[in-house]
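Chains as they are written, first to last, in the numbering used here: chain R, 88 to 469; chain P, 88 to 469. I have placed the structure first, in the form of C-alpha cells, so that the comments after it can refer back to it.
Number of protein chains: 2
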Amino acid sequence: VSYRYKDHIIINPLMRGGIVPKDVQKKLFEEGWTEVGYNVCHDCIEGRSSLITKPGIRSFLSEVAEFYGGDEAEHTFGCRAAQFAVMKTIAENSEEKVIISDPNSHYSTNIAAEMCGLEVVEPPHSGYPEYKVEAEKVAEKIEEVGRPALVAMTHADPYYGNVAPVKEIGKICSEEEIPYMVNAAYTGGVMPINMKEFNADFLTLSAHKSMASIGPLGFVITNYEWSKKLFALSKSKADWTGRVFGKKIPNLFGCSIGALPLVSCILSFPYIKERVKNWEKEMKKTEEFVDALEDLGDIMLLGERPHRHHLLHFETPLFWEISKTHKRKGFFLAEEMIARGIVGLHKGLSKHIKLSIYGLSDEEVKRVRDAFEEVANLKPSN
Amino acid sequence: VSYRYKDHIIINPLMRGGIVPKDVQKKLFEEGWTEVGYNVCHDCIEGRSSLITKPGIRSFLSEVAEFYGGDEAEHTFGCRAAQFAVMKTIAENSEEKVIISDPNSHYSTNIAAEMCGLEVVEPPHSGYPEYKVEAEKVAEKIEEVGRPALVAMTHADPYYGNVAPVKEIGKICSEEEIPYMVNAAYTGGVMPINMKEFNADFLTLSAHKSMASIGPLGFVITNYEWSKKLFALSKSKADWTGRVFGKKIPNLFGCSIGALPLVSCILSFPYIKERVKNWEKEMKKTEEFVDALEDLGDIMLLGERPHRHHLLHFETPLFWEISKTHKRKGFFLAEEMIARGIVGLHKGLSKHIKLSIYGLSDEEVKRVRDAFEEVANLKPSN
Numbered sequence: 088v089s090y091r092y093k094d095h096i097i098i099n100p101l102m103r104g105g106i107v108p109k110d111v112q113k114k115l116f117e118e119g120w121t122e123v124g125y126n127v128c129h130d131c132i133e134g135r136s137s138l139i140t141k142p143g144i145r146s147f148l149s150e151v152a153e154f155y156g157g158d159e160a161e162h163t164f165g166c167r168a169a170q171f172a173v174m175k176t177i178a179e180n181s182e183e184k185v186i187i188s189d190p191n192s193h194y195s196t197n198i199a200a201e202m203c204g205l206e207v208v209e210p211p212h213s214g215y216p217e218y219k220v221e222a223e224k225v226a227e228k229i230e231e232v233g234r235p236a237l238v239a240m241t242h243a244d245p246y247y248g249n250v251a252p253v254k255e256i257g258k259i260c261s262e263e264e265i266p267y268m269v270n271a272a273y274t275g276g277v278m279p280i281n282m283k284e285f286n287a288d289f290l291t292l293s294a295h296k297s298m299a300s301i302g303p304l305g306f307v308i309t310n311y312e313w314s315k316k317l318f319a320l321s322k323s324k325a326d327w328t329g330r331v332f333g334k335k336i337p338n339l340f341g342c343s344i345g346a347l348p349l350v351s352c353i354l355s356f357p358y359i360k361e362r363v364k365n366w367e368k369e370m371k372k373t374e375e376f377v378d379a380l381e382d383l384g385d386i387m388l389l390g391e392r393p394h395r396h397h398l399l400h401f402e403t404p405l406f407w408e409i410s411k412t413h414k415r416k417g418f419f420l421a422e423e424m425i426a427r428g429i430v431g432l433h434k435g436l437s438k439h440i441k442l443s444i445y446g447l448s449d450e451e452v453k454r455v456r457d458a459f460e461e462v463a464n465l466k467p468s469n
Numbered sequence: 088v089s090y091r092y093k094d095h096i097i098i099n100p101l102m103r104g105g106i107v108p109k110d111v112q113k114k115l116f117e118e119g120w121t122e123v124g125y126n127v128c129h130d131c132i133e134g135r136s137s138l139i140t141k142p143g144i145r146s147f148l149s150e151v152a153e154f155y156g157g158d159e160a161e162h163t164f165g166c167r168a169a170q171f172a173v174m175k176t177i178a179e180n181s182e183e184k185v186i187i188s189d190p191n192s193h194y195s196t197n198i199a200a201e202m203c204g205l206e207v208v209e210p211p212h213s214g215y216p217e218y219k220v221e222a223e224k225v226a227e228k229i230e231e232v233g234r235p236a237l238v239a240m241t242h243a244d245p246y247y248g249n250v251a252p253v254k255e256i257g258k259i260c261s262e263e264e265i266p267y268m269v270n271a272a273y274t275g276g277v278m279p280i281n282m283k284e285f286n287a288d289f290l291t292l293s294a295h296k297s298m299a300s301i302g303p304l305g306f307v308i309t310n311y312e313w314s315k316k317l318f319a320l321s322k323s324k325a326d327w328t329g330r331v332f333g334k335k336i337p338n339l340f341g342c343s344i345g346a347l348p349l350v351s352c353i354l355s356f357p358y359i360k361e362r363v364k365n366w367e368k369e370m371k372k373t374e375e376f377v378d379a380l381e382d383l384g385d386i387m388l389l390g391e392r393p394h395r396h397h398l399l400h401f402e403t404p405l406f407w408e409i410s411k412t413h414k415r416k417g418f419f420l421a422e423e424m425i426a427r428g429i430v431g432l433h434k435g436l437s438k439h440i441k442l443s444i445y446g447l448s449d450e451e452v453k454r455v456r457d458a459f460e461e462v463a464n465l466k467p468s469n
C-alpha cells in the first residue's frame with residue numbers, strides 16, 4: 088500500500104478542513120506519538136481517556152466545550168459516533184420515535200437514527216438550484232409530526248454547502264421544548280460557532296473533517312441539562328464477580344480511547360482557534376473562485392447565493408459535453424486534474440462536481456483555476 | 088502537549104502487541120498518510136471504506152478474515168465497536184436478553200452488552216492464585232440460564248493472561264446451537280488463531296492492542312451464516328427525499344472510516360503474519376523472565392501455570408513493603424522504573440503489577456529485569 092497523491096493539492100471539500108498542519112504531522116512522528124497509537128493512556132488513572140490529566144485531555148475537552156459555546160464535551164469515534172450518542176440518549180429518554188432532520192443531512196445522521204430505532208422525517212428543501220432549508224418548513228413539519236423526539240439540523244450540508252437557519256430553528260425548538268441537535272461536521276473548526284446562540288442542546292463535530300486532525304475523531308458537546316443523560320455512567324453489574332464500571336460512559340463505548348487522532352487534534356487546536364477568525368476572508372476568496380470558474384463557460388454553482396460555506400457544488404454541462412466524446416468518458420475530469428497534481432474530484436462524475444479551496448494559498452488557488460481552464464479547453468481525444 | 092516517554096521501553100501489557108514497527112511509522116509520515124487522516128477515501132467509489140479497492144482495503148479485509156480462519160471481516164472503531172456490533176446483532180435476533188461472559192472479561196465486553204440491553208451472567212473462576220475459567224463451569228452456567236442469547240469468552244484475559252478453553256466451550260455452544268463470540272483482543276496478532284477451530288461465530292480483535300497499529304482500530308470477523316445479519320445493510324429511507332443508504336452497514340455506523348489506523352494496520356500486517364510464528368519462542372522468554380522476577384524475593388506470578396500468554400500479573404509483597412516507608416508511597420515503583428527508562432506499570436500500585444516483555448530484545452529484557460532488581464534493593468528513602 089502506498090499513498091498515490093503525495094504533494095497533490097487536495098480539493099475534496101470534505102477533506103480541506105481536515106488537513107493536518109505540517110508541523111503537527113512532524114511532531115506526531117518525531118515526538119514518538121506514533122510508536123503506540125494510544126500512548127496517552129500511560130498516565131490514565133481513572134479508566135476513561137477524557138479524565139486523563141497527563142497529557143491534559145480533561146482540560147482540552149473543557150477548552151473545546153467553551154470554544155463552541157457548550158458546557159461539556161467528550162471526544163468520540165468521529166462525528167457519526169457523536170450523533171449516535173445523541174440519538175441513543177433521545178431514544179432512551181423519549182417515548183416518541185420520530186425525529187425531524189433536514190433533507191440535506193449527511194448519511195451518518197440517518198444511520199445513527201436507524202441504529203437507535205428512530206424514524207427520520209424531512210421538511211422539503213427549496214429545490215433546484217438553491218436547495219435551501221427554511222425554518223418555516225421545519226416549523227410546519229414539527230406541527231405535522233406533533234412532538235418529534237429530536238430536531239437534528241446539519242449546520243452546513245455536505246451536498247450544497249448551504250448554511251441552515253439554525254438559530255431560527257433553535258428558537259422554535261426552544262419554545263416548543265423539543266431537543267435540538269446541530270451537526271456542525273462541516274463548520275465547527277472552520278467558522279466561528281456558538282451553540283448557545285443556536286439554542287442547541289447538542290453539537291456534533293468532526294475533527295478529521297473540519298478540525299485539522301487525524302481520523303477517526305469527533306466530539307459531542309452538550310449543556311448541563313443534557314450532560315447527565317448523554318454522558319450517563321455505566322449502571323451494569325456483572326453478576327458473579329460483582330464488577331461495576333462506574334467511570335465508563337456506555338453511550339461512548341465506555342471510553343472513546345484517547346488515541347493518535349486525539350493527540351493530533353490537541354496539537355492542531357491552536358491553529359483552529361486562529362483560523363476561524365479568517366472565515367470572512369475565506370468566503371471572499373471562495374466567491375472570487377466561483378466567479379472565475381463560472382466564467383469558463385457552461386458551469387453554474389448550485390446551492391444558496393451568496394454562498395456562505397467553502398463547500399462548492401457546481402453543475403458542469405461544459406465538462407459533461409467533453410466527457411461524451413472523451414475516451415475516458417466521465418472519468419476524464421478527475422483524471423485530468425490528477426495529472427495536474429490536483430486530487431479530490433469524485434471519480435466518474437463530470438456533470439456535477441464538488442470541491443473546496445478552503446485554506447489554499449493564492450498561488451494554489453490559481454493552480455486549481457488554471458487546471459480547470461486547461462481541462463475546459465481540452466479537445467475530445469478520439 | 089508533548090510525549091513524555093519517548094525512547095522508553097514500554098512494558099504495559101496491553102500495549103506491547105500494539106507497538107507500531109519503526110518503518111511503518113516512518114512510512115505513515117513520509118509517504119503523506121498523515122496529511123489527511125482519512126485519505127484512503129480519495130478513491131472511494133461505493134461509499135464504504137471496506138469496499139475500497141485503491142488502496143486494496145477490500146482485499147486486505149479478506150486476507151484478515153482468512154488469516155484468522157473466518158469468512159468475512161470488517162474493520163471497526165476498536166475491539167469495543169466490534170463487540171458492540173456483535174451484541175447488537177444478537178439483541179436484534181434473539182428473544183433472550185441474558186448472555187454468558189467470563190469473569191475475567193475486559194470491561195468493553197460488559198459495556199457493549201449494556202449498550203444493547205443485554206444482561207451479563209458469569210461462570211465462576213477458580214479463585215486465587217490461578218483464577219482459571221473452566222469449560223465445565225461455563226456448561227453449568229448455560230444449563231442454569233437455559234438459553235443464553237450469546238456466550239462471549241475472552242480468549243486471553245486482561246487481568247491474569249489466562250488462556251480460556253475456547254475450543255471446549257465452542258464445542259458446547261455448537262452442540263447447543265448457542266451463538267458464540269471469542270474476544271481475541273489480546274491474542275489475535277501475537278499468537279496463531281483459527282476461529283473455525285474454536286467453533287466461534289464471531290471473533291473480535293484489537294488492532295492497536297495486538298496488531299501493531301495506530302488506534303482506534305479493531306476488526307470483527309464472522310462466518311457466512313452470521314455475516315448477513317452482522318453486516319446487514321441499511322434499510323432506512325428518508326421520507327421526503329426518499330434517500331436510501333444501501334451500501335452502509337448500520338452496525339458499523341454506516342462506514343467505519345478507513346483512516347490512518349487502518350493504513351497502519353495494512354502496513355503492519357506482514358509483520359503480524361511473521362511474528363505469530365514466534366509465539367512459542369516468546370513464551371519461553373516470558374517463562375524465563377517470570378523465574379528471574381520471582382527469584383528477586385517475595386514476588387509471585389498469578390494466573391495459570393504454566394503461563395500461556397505474555398500478559399503477566401505478579402503479586403509483589405516485596406514492593407508493597409518498600410512502598411510503606413517510601414516517601415512516594417505506592418507511586419515509587421512506577422516512578423523508579425520510569426527513572427530507569429521503563430514505562431508501563433500502573434501508577435500508584437505496588438502490591439500487584441501487570442507487565443509484558445512481548446517483542447522485547449534480549450538486551451531490553453535484561454534492562455527490565457535489572458531495573459526490577461535495582462528497585463527491589465532500594466532502601467526506604469526516609
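C-beta: ideal position from N, C-alpha, C; glycine also.
Helix, strand or coil at residue i [DSSP, three-state]
{"i": "Leu354/R", "result": "helix"}
{"i": "Asn249/R", "result": "coil"}
{"i": "Gly417/R", "result": "helix"}
{"i": "Ala271/R", "result": "coil"}
{"i": "Ser297/R", "result": "helix"}
{"i": "Phe171/P", "result": "helix"}
{"i": "Ala319/R", "result": "coil"}
{"i": "Ile444/P", "result": "coil"}
{"i": "Met370/P", "result": "helix"}
{"i": "Ile198/R", "result": "helix"}
{"i": "Ser188/P", "result": "strand"}
{"i": "Lys438/R", "result": "coil"}
{"i": "Glu161/P", "result": "strand"}
{"i": "Leu148/P", "result": "helix"}
{"i": "Ile98/R", "result": "coil"}
{"i": "Met282/P", "result": "coil"}
{"i": "Lys219/P", "result": "coil"}
{"i": "His129/P", "result": "helix"}
{"i": "Gly119/R", "result": "coil"}
{"i": "Ala236/R", "result": "coil"}
{"i": "Lys453/P", "result": "helix"}
{"i": "Phe472/P", "result": "Examination of residue 472/P is not possible in this model, given that chain P is present from 88 through 469 alone."}
Integer-rounded CB distance, given that residue j should sit under 8 Å from residue i
{"i": "Ile308/R", "j": "Gly157/R", "result": "4 Å"}
{"i": "His394/R", "j": "Glu369/R", "result": "Going by Cβ atoms, the distance from His394/R to Glu369/R rounds to 11 Å, so no, they are not a contact pair."}
{"i": "Lys487/P", "j": "Ala421/P", "result": "As displayed, chain P neither begins before 88 nor continues past 469, which places residue 487/P out of reach and without an answer."}
{"i": "Tyr218/P", "j": "Asn197/P", "result": "So it is not a contact: roughly 17 Å between Cβ atoms."}
{"i": "Val127/P", "j": "Ile139/P", "result": "6 Å"}
{"i": "Ala236/R", "j": "Val185/R", "result": "6 Å"}
{"i": "Phe401/P", "j": "Ile444/P", "result": "Wrong, their Cβ atoms sit about 12 Å apart, outside the cutoff."}
{"i": "Ala346/R", "j": "Pro279/P", "result": "27 Å between Cβ atoms; not a contact."}
Proximity of residue i and residue j at Cβ, strictly below 8 Å
{"i": "Met424/P", "j": "Leu436/P", "result": "no"}
{"i": "Phe356/R", "j": "Ile336/R", "result": "no"}
{"i": "Ile177/R", "j": "Ala226/R", "result": "no"}
{"i": "Tyr247/P", "j": "Gly390/P", "result": "yes"}
{"i": "Glu209/P", "j": "Asp94/R", "result": "no"}
{"i": "Leu292/P", "j": "Phe306/P", "result": "yes"}
{"i": "Met174/R", "j": "Cys131/R", "result": "no"}
{"i": "Val269/R", "j": "Val253/R", "result": "yes"}
{"i": "Leu465/P", "j": "Ile409/P", "result": "yes"}
CB contact below 8 Å: residue i versus chain A
{"i": "His396/R", "result": "The structure shown contains no chain A; the protein chains it does contain are R and P."}
- Residues of the region 119-130 of chain R with Cβ closer than 9 Å to any Cβ of chain P, in chain order: Listed in sequence order: Gly119, Trp120, Thr121, Glu122, Val123, Gly124, Tyr125, Asn126, Val127, Cys128, His129, Asp130.
- Name the residues in the region 152-172 of chain R whose C-beta lies less than 7 Å from a C-beta of chain P; which are they? Within the region 152-172 of chain R, the qualifying residues are Phe164, Gly165, Arg167, Ala168, Phe171.
- Select from the region 358-392 of chain P all residues with a C-beta closer than 9 Å to any C-beta belonging to chain R, and list them in chain order. Hits within the stretch: zero.
- Query: If you measure beta-carbon to beta-carbon, which residues of the region 174-200 of chain P are closer than 9 Å to chain R?
  - Reply: Answer set for the region 174-200 of chain P: Lys175, Ser188, Pro190, Asn191, Ser192, Tyr194, Ser195, Asn197, Ile198, Ala199, Ala200.
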